[in-house]
Ligand SMILES: [Zn+2]
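In the numbering used here, the protein residues as written are 1 to 133.
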């Protein structure tokens, strides 16, 4: 699944908020993404056409496919964080750098990295590598 960096951010925000128990509305997402609502609508249209989200009563939710991509991006993010952290990079910087590149790593590369790192269960922040929604 090809995602742009903004689509990736949007999907991750939606997934994080579903996890937190508060599905996002358009206005929340615009604030988090720091873009105007029309730009968010375009992003959501894109994600919907890729079958990753649906909109119900003003709320944005992830489809099963969207949940799978959220899982994979999150796993990739946290494995990259563990890898960078093991080289002495501070946690916050690990997260920043991982956010820029997590969505472009192929899943099998992440699996090989994970295995070489001893299949870590948690990222440096203590979040689970395998995040199920
Ligand atoms: Zn983390």
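We put the CB at the ideal spot given by N, CA and C, even for glycine.
>> Tell me the DSSP secondary structure of residue 68 in three-state form.
In response: In the chain shown, counting from the first residue as 1, residue 68 sits at position 68. In the structure shown, residue 68 sits in a helix (DSSP, three-state: H, G or I).
> Cβ of residue 110 within 8 Å of Cβ of residue 79?
Replying inline: Residue mapping note: residue 110 aligns to position 110 of the chain shown, counting from 1. Residue mapping note: residue 79 aligns to position 79 of the chain shown, counting from 1. At a Cβ-Cβ threshold of 8 Å, residue 110 and residue 79 count as neighbours.
> Comparing alpha-carbon positions, which option in 81, 53 and 58 lies nearest residue 68?
Replying inline: Taking the chain shown and counting its residues from 1, one reaches residue 68 at position 68. Taking residue 68 as reference, the option from 81, 53 and 58 with the minimal CA-CA separation is 53.
> So which residues put a beta carbon under 6 Å from any heavy atom of ligand 1, going in chain order?
Replying inline: Per the CB criterion, closer than 6 Å to any heavy atom of ligand 1, the qualifying residues run in chain order as 78, 81, 95, 123, 124, 125 and 127.
>> What does DSSP give as the partner residue(s) for residue 59 in the beta ladder?
In response: Within the chain shown, the letter at position 59 stands for residue 59. For residue 59, the beta-bridge partners assigned by DSSP are 25 and 56.
>> Between the alpha carbons of residue 10 and residue 116, how many angstroms are there, rounded?
In response: Taking the first residue of the chain shown as 1, we reach residue 10 at position 10. Taking the first residue of the chain shown as 1, we reach residue 116 at position 116. Roughly 30 Å separates the two Cα atoms.
>> Let me make sure I understand the geometry here. Which of 133, 74 and 101 has the alpha-carbon closest to that of residue 125?
In response: Along the chain shown, read from residue 1 onward, the residue named residue 125 stands at position 125. With distances taken between Cα atoms, residue 125 lies closest to 74.
> Skipping 5 residues on each side, what residues in its chain have a beta carbon closer than 6 Å to that of residue 76?
Replying inline: On the chain shown, position 76 is the one that residue 76 refers to. Around residue 76: 102, 105 and 110.
>> Classify residue 70: buried if its beta carbon has 16 or more other beta carbons within 10 angstroms, exposed otherwise.
In response: As a position in the chain shown, residue 70 is number 70, starting the count at 1. By the 10 Å Cβ count, residue 70 comes out buried.
>> Starting from residue 97, trace the alpha helix (DSSP H) in both directions and tell me its first and last residue.
In response: Taking the chain shown and counting its residues from 1, one reaches residue 97 at position 97. Counting along the chain, the alpha helix (DSSP H) containing residue 97 begins and ends at 91-101.
>> Checking the sheet assignment: what are the DSSP bridge partners for residue 128?
In response: As a first step, residue 128 must be located in the chain shown, where it is residue number 128. In the DSSP output, where bridge partners are listed per residue, residue 128 has 122.
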